[in-house]
Amino acid sequence: MKKTPEEIAADMADIARRRRQQQRPQKDTSPTAARGDVQQVLKQLQQLRAGGGLPQYDYDTLRRQYEQQANADVQQLQQQARVHRTEKLLAQADLNRDWTFANMDINDPALAHHIETAHHFINAFDHWEKKGGTGILLYGDFGTGKSTLAGAIAHELIHQHQKSVIFQQWASVVDRLFFGVIEDQESRNQYRRALEEVDLLVLDEVAANRSRLAESQSSFLGHLLRRRRNLSKSIIIISNHDPQSLHRAVGDFCFEAIKAFHPVDIALRGPSRRPDIGDYRS
Numbered sequence: 001m002k003k004t005p006e007e008i009a010a011d012m013a014d015i016a017r018r019r020r021q022q023q024r025p026q027k028d029t030s031p032t033a034a035r036g037d038v039q040q041v042l043k044q045l046q047q048l049r050a051g052g053g054l055p056q057y058d059y060d061t062l063r064r065q066y067e068q069q070a071n072a073d074v075q076q077l078q079q080q081a082r083v084h085r086t087e088k089l090l091a092q093a094d095l096n097r098d099w100t101f102a103n104m105d106i107n108d109p110a111l112a113h114h115i116e117t118a119h120h121f122i123n124a125f126d127h128w129e130k131k132g133g134t135g136i137l138l139y140g141d142f143g144t145g146k147s148t149l150a151g152a153i154a155h156e157l158i159h160q161h162q163k164s165v166i167f168q169q170w171a172s173v174v175d176r177l178f179f180g181v182i183e184d185q186e187s188r189n190q191y192r193r194a195l196e197e198v199d200l201l202v203l204d205e206v207a208a209n210r211s212r213l214a215e216s217q218s219s220f221l222g223h224l225l226r227r228r229r230n231l232s233k234s235i236i237i238i239s240n241h242d243p244q245s246l247h248r249a250v251g252d253f254c255f256e257a258i259k260a261f262h263p264v265d266i267a268l269r270g271p272s273r274r275p276d277i278g279d280y281r282s
């Protein structure tokens with residue numbers, strides 16, 4: 001049955017309404033060319049109506065064109081938004097760009113199983129966000145690939161799952177919060193909240209060189225981990241300490257907070273994988 005002009009107008013208004021609901025406002029990302037295509041379709045509709053006739057065939061064809069172009073616009077905007085968010089997440093994470101799975105040797109028998117475990121952690125990340133968060137304890141000697149493996153996990157979570165990550169050396173956290181690197185109180189509060197609320201927090205070189213944490217640092221780390229556990233936010237802790245010596249290094253209060261995440265422990269063994277001095281290539 002041929003539609004009345006009022007019904008046609010209502011249909012087009014409904015399409016426009018649904019398109020607006022699908023789109024999220026973005027800054028400077030509206031595709032001008034694509035928007036022009038949609039406007040061209042609307043112009044054709046207006047010309048048909050102005051001519052006094054709107055045949056059913058033309059209406060249905062133009063309606064399909066309008067919907068297809070609207071969907072294409074939404075997909076393009078979503079892709080642009082994803083790229084923009086990924087760039088922001090990478091900037092926030094402070095990651096070495098070379099820390100990726102592509103740069104790890106999956107044929108190395110000392111790494112293959114750990115890389116597989118890392119992928120399990122990534123694939124189950126959303127599940128653990130609903131279950132109180134989880135964790136990984138990466139430990140071993142210097143140069144064995146601990147930071148690289150943690151960084152590869154972080155890159156994958158950002159690129160594939162759009163998760164927020166902060167990767168910080170523990171000494172950097174201490175400097176910012178305890179030794180005035182961040183001078184004003186409000187900025188320190190914002191930084192502390194970011195440590196508490198980011199989807200994945202990676203703390204590198206905790207109790208580095210098999211040292212022990214000062215009591216104030218141990219207390220702060222314990223409270224930080226408890227707060228993240230309450231928010232169902234996961235952690236990765238990197239240390240030279242194995243689990244037993246880490247307990248002694250951070251103290252009971254902090255170690256119990258680590259245990260609450262039921263972390264998987266990954267021991268990276270062997271000699272340093274870094275090139276010897278004199279073997280560096282430009």
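Going by UniProt numbering, the first residue of the sequence shown is number 1, and it counts up by one from there.
Backbone N, C-alpha and C define an ideal beta-carbon position, used for all residues, glycine too.
If you're wondering where the values come from, they're calculated on a predicted model, not measured in any experiment.
Output yes or no for whether 8 Å exceeds the beta carbon distance between Gly133 and Phe255.
As a working mapping, residue 133 is identified with position 133 in the sequence shown. As a working mapping, residue 255 is identified with position 255 in the sequence shown. Their beta carbons are not under 8 Å apart, which means Gly133 does not touch Phe255 by this criterion.
Taking 8 Å as the limit between beta carbons, can you name the residues of its chain near Ser272, skipping five residues before and five after?
As a first step, residue 272 is located in the sequence shown; it is residue number 272 there, counting from the start. For Ser272, where only same-chain residues beyond five positions count, the Cβ hits under 8 Å are Asp141, Phe142, Gly143, Thr144.
What's the call for Phe167, buried or exposed, on a 16-neighbour Cβ count within 10 Å?
As a first step, residue 167 must be located in the sequence shown, where it is residue number 167. Buried is the call here.
Return no unless some Cβ of chain B is closer than 8 Å to the Cβ of Ala194.
Reference to chain B is not applicable here, since this structure consists of a single protein chain.
Collapsed DSSP secondary structure at residue 342 in the structure displayed
Residue 342 cannot be examined here, being either before or after the span of the chain that is shown, 1 to 282.
Under 8 Å between C-beta atoms of Leu157 and Phe125:
Here the question's residue 157 lines up with position 157 in the sequence shown. Here the question's residue 125 lines up with position 125 in the sequence shown. In terms of Cβ geometry, Leu157 and Phe125 form a close pair [threshold 8 Å].
Compute the Euclidean distance between the alpha carbons of Val165 and Asn123, then round it to the nearest angstrom.
Here the question's residue 165 lines up with position 165 in the sequence shown. Here the question's residue 123 lines up with position 123 in the sequence shown. So the alpha carbons of these two residues sit roughly 16 Å apart.
Rounding to the nearest angstrom, what Cα-Cα distance links Lys130 and Ser147 in this structure?
Indexing the sequence shown from 1 puts residue 130 at position 130. Indexing the sequence shown from 1 puts residue 147 at position 147. Inter-residue distance for Lys130 and Ser147 is about 26 Å (C-alpha atoms, whole angstroms).
Once the 5 residues before and after Pro263 are set aside, which same chain residues still bring their CB inside 6 Å of it?
As a first step, residue 263 is located in the sequence shown; it is residue number 263 there, counting from the start. Around Pro263: Gly135, Ile136, Leu137.
Residues in its own chain within less than 8 Å of Ala267 by CB, not counting five upstream and five downstream?
Reading the sequence shown from its first residue, position 267 is the one you call residue 267. Correct list, in chain order: Tyr139, Gly140, Asp242.
Out of Leu62, His247, Leu42, Gln79, which has the shortest C-alpha to C-alpha gap to Gln160?
As a first step, residue 160 must be located in the sequence shown, where it is residue number 160. It is Gln79.
Are at least three pairs of beta-carbons, each pair with one atom in the segment 105 to 115 and one in the segment 57 to 75, less than 8 Å apart?
Cβ pair count under 8 Å is below three, so no.
Assuming contact is defined by CB atoms lying nearer than 8 Å, are Leu203 and Ser234 in contact in what I supplied?
On the sequence shown, position 203 is the one that residue 203 refers to. On the sequence shown, position 234 is the one that residue 234 refers to. Cβ distance not < 8 Å, so Leu203 and Ser234 don't count as in contact.
For Ala112, count the other beta carbons within 10 Å of its own beta carbon; 16 or more makes it buried, fewer makes it exposed. Which is it?
Translated into the one-based positions of the sequence shown, residue 112 becomes position 112. Ala112 should be labelled exposed.
Ignoring anything shorter than 3 residues or poking outside the segment 78 to 162, list the beta strand (DSSP E) runs there in chain order.
Counting only unbroken stretches of 3 or more residues, the beta strand (DSSP E) elements lying wholly within the segment 78 to 162 are 135 to 140, in sequence order.
Decide if His120 is buried, meaning its Cβ has at least 16 other Cβ atoms within 10 Å, or exposed.
As a position in the sequence shown, residue 120 is number 120, starting the count at 1. Exposed: under 16 other Cβ atoms inside 10 Å.
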